[in-house]
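What follows is a short report on a single structure.
In this note's numbering, the protein residues as written are 867 to 1150.
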């Protein structure tokens, strides 16, 4: 079942990406990228490597983090409920088969598209700094998020009030998606909402680069807002998780600006990458 869901995601996102590239990137940038991709990739290679390492560590740690979290983490589910109450039940008032289908699709397909497209779009910019900042912000989201997941034990609304959110709960309406989400999440690590933090990160970068991609900016904001709402609508996250996700996004965007360009990682590691990846060498 996991393979089937992954194929669906790949197909849907694979259809959306070429359309988005045609609408938001344009032919001229693609032509220029075709002649400059080696230089850009060489410049960004260390940042790409860091992100890949973070993702690998994150995947490895996620399998062992729940056990460590039980030993040293703080149980905050009751505190979240006492502070927030039944706020997320407000979203049940707009629950219809159509809205449930929309937010379910946004949570799975829309989110993946929202994360992947900016990577491709920013790679087409002549200056790779924004591309490297985006990847750095992604890595920071995962690193900080993992630390918070270890120290904060919190169950989402679907576990605390399953009957109240059953009408819109993701796994009640689309049980096949649980095979995908269980690969990256456990039900005890809802704080913060990484769906929200990474989506808000994308929206913030879309605002920063709106002069380069003016049509993408409003689309990114709508999609990011939809992702954040979907996490509460589907009973996955508390409002507190979403607010924390937005704060985490702001922190990661600021840190990416401070970190990228502060040290010449390319000069430090460039030769090693060139030795291991000879296809990056432009001396032909």
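Beta carbons: idealized from backbone N, C-alpha and C, even for Gly.
Counting only residues of its own chain and dropping the five nearest sequence neighbours on each side, residue 1081 has a CB closer than 8 Å to the CB of 889 and 890. A distance below 8 Å separates the beta carbons of residue 1068 and residue 1090. By the 16-neighbour rule on beta-carbons within 10 angstroms, residue 941 is exposed. Per the DSSP secondary-structure output, residue 946 pairs with nothing in a beta bridge. Between the region 905 to 922 and the region 1003 to 1019, the count of Cβ pairs shorter than 8 Å is three or higher; the stretches touch. A straight-line Cα-Cα distance of about 6 Å links residue 913 and residue 998. Secondary structure at residue 1079: coil, using DSSP grouped into helix, strand and coil. Cβ atoms of residue 1098 and residue 1066 stay farther apart than 8 Å, at about 14 Å. Residue 907 and residue 986 have their alpha carbons spaced roughly 12 Å apart. Under the three-state reduction of DSSP, residue 940 is assigned to strand. In this structure, DSSP gives residue 1090 a helical state, which the three-state scheme calls helix.
Of the other Cβ atoms in all chains shown, fewer than 16 fall within 10 Å of the Cβ of residue 993; this residue is therefore exposed.
The three-state reading of DSSP puts residue 1056 in coil, since its state is none of H, G, I, E or B. Counting of Cβ neighbours within 10 angstroms places residue 1055 among the buried residues, the total reaching 16 or more. CA-to-CA, the gap between residue 996 and residue 1094 works out to about 24 Å.
Burial of residue 1062 is indicated by the presence of at least 16 other C-beta atoms within 10 angstroms of its C-beta. For residue 1020, the secondary structure class from DSSP, reduced to helix, strand or coil, is strand. Between residue 978 and residue 1088 a beta carbon distance of about 16 Å is seen, past the 8 Å cut, so the two are scored as non-contacting. If you look at residue 989, you'll find it in the alpha helix (DSSP H) that goes 977 to 989. Per DSSP, residue 971 is one residue of the alpha helix (DSSP H) stretching across 963 to 971.
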